[in-house]
Amino acid sequence: MVWPILIAAAAALVLGGAATVVVLNWDSIVTAWRGKRVAVLGAREVGKTCLVKFLSTGSIPENYEQTTSAEKASGRRFSLKDLDLKIDDTLDVPGDSSHYADWKEVADRADLVLYLLRADRLFAGDAEVEERIRDDVRHIGSWLRARTKRPRFFVVGTHCDLDPAFANLTRDKVGDYYDRYRKLPVVAELVSHCGGAKHVTFVLGSMVTEQVAEALVYDIFRKL
Amino acid sequence: MPDLVFKAQALDNRSPDHYRVRGEDLAPGDATRRQKAASLLSSVTKAGGRVFDQDGVRLTVHGDRFVVSVPSAERDVAGRVAPILCHGKLGAGRRAELGARVAEGLDAFAQHVGRSIDPAKAELVRRAMATAPGAPPARRFGRLLWLGALAVALVLALSSLWSWRSEPTPSSASSSDPNRP
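Those protein sequences? They're chains A and B, same order as listed. Going by our numbering, the residue at position 51 of the first sequence is 1160; the numbering climbs one at a time, nothing skipped. Going by our numbering, the residue at position 162 of the second sequence is 936; the numbering climbs one at a time, nothing skipped.
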């Protein structure tokens, strides 16, 4: 008479344990099943479409076109060196500030928000670019703060190949280059708006060829 | 062009985008109406289906609304193709007339913002609009149709139930027989 009770108790314990594990890891399980939801945001001509196309197809566009309206981009599963990545469907959004509603829509459902900016123009001290970044991060910061579970937030500096200092960078000087970038006043403001240094990850690179685009994407997901 | 919305991104990628809503050009500071127009365009392109795609001319349809995109002859400062967009309702009118209105509207808007559209592309816009599917029945009409079908089914069910109940059963027939001893 004791055995059935013991078996039932053991089964209840195992089921209870399994249920607890599922509940505690629910978000990871859902993300693993449907893929990571990635929001690619940024002003015009920063490389959003190029990055979305790479995530969606593994290649960069042959012919570039202004993104004038939000477009669907399908997800996929792919391997990048030692990483096995699964990306969910997303939107390729236009860079003009009149499309902030599209930005918010894609950011609100994202596990990972990538904010792209022209690092070459920031280093060159382009005031218009700085002003636009300030406007963008005011909005993005408020959307991130409103989320109950904060998504990972990356600031991706693009077009670094156009900066001669980056082009001639040796491996031992990469850290110095990142430090110089982080110390730019607008970048410091960006970090402050988006929850402080522990909530912001920096990646610098370019998407001028498929190989360098792949290196940039690898760098992003390696830091996740 | 009372019901059409046009959009073109600035070629310098810095100036505000150009919007024309129902014949009126939106001022750069009119953020609310610009965002509304942008959302209108995006609501079609992100949820709709592509029904025409040839030589850069694309037609996307979602419900009874469409967005047609045509590349202008000019490129932006980065050398990218710079399309001009038009949003409108398909409606019940003739597609050829709608296509002509859209093509003319796109041409006028392009000229207004200092751009041009190749005549061959304008012709493709007309062809694209001619292939647009018919506007789906209005949602209210659809609901009425469902309600009507439900009412008919209910009436049929009730009448068959009534006739089944009112049919005399053998036992009730025998009990009401006045000649029964």
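Just so you know, even glycine gets a beta-carbon here, dropped at the ideal spot from N, CA and C.
Close partners of residue 802 of chain B in chain A (Cβ separation under 8 Å) are lacking, with about 10 Å as the shortest Cβ gap. Taking the beta carbon of residue 1319 of chain A as reference, no residue of chain B falls within 7 Å; the closest one sits roughly 18 Å away.
DSSP places residue 1154 of chain A outside both helix and strand once states are collapsed to three, so it counts as coil. Among the residues facing chain B, residue 1213 of chain A is not included, as its CB has no counterpart in that chain under 8 Å away.
A buried status is given to residue 854 of chain B, since no fewer than 16 other beta-carbon atoms sit within 10 Å of its beta-carbon.
The beta carbons of residue 785 of chain B and residue 848 of chain B sit closer together than 8 Å.
Taking 4 residues as the minimum length, the alpha helix (DSSP H) runs contained wholly in the region 1195-1241 of chain A are 1209-1217 and 1228-1232, in order along the chain. For residue 1308 of chain A, there is no enclosing alpha helix (DSSP H), since its DSSP letter is neither H nor E. Annotated as distal: residue 899 of chain B and residue 782 of chain B, with beta-carbon spacing of 8 Å or more. Distances from the CA of residue 833 of chain B to each of B:794, B:811, B:852 and B:861 were compared; the closest alpha carbon is that of B:861.
In the three-state DSSP reduction, residue 821 of chain B falls in the coil class, being neither helix nor strand. At least one CB of chain A lies nearer than 8 Å to the CB of residue 819 of chain B. In the DSSP assignment, residue 895 of chain B falls within the unbroken alpha helix (DSSP H) covering 893-904. Looking at A:1172, A:1286, A:1245 and A:1183, the one whose alpha-carbon comes closest to that of residue 1196 of chain A is A:1183. Residue contact check for residue 893 of chain B against chain A: no CB pair falls below 8 Å. At least one C-beta of chain B is nearer than 8 Å to the C-beta of residue 1177 of chain A.
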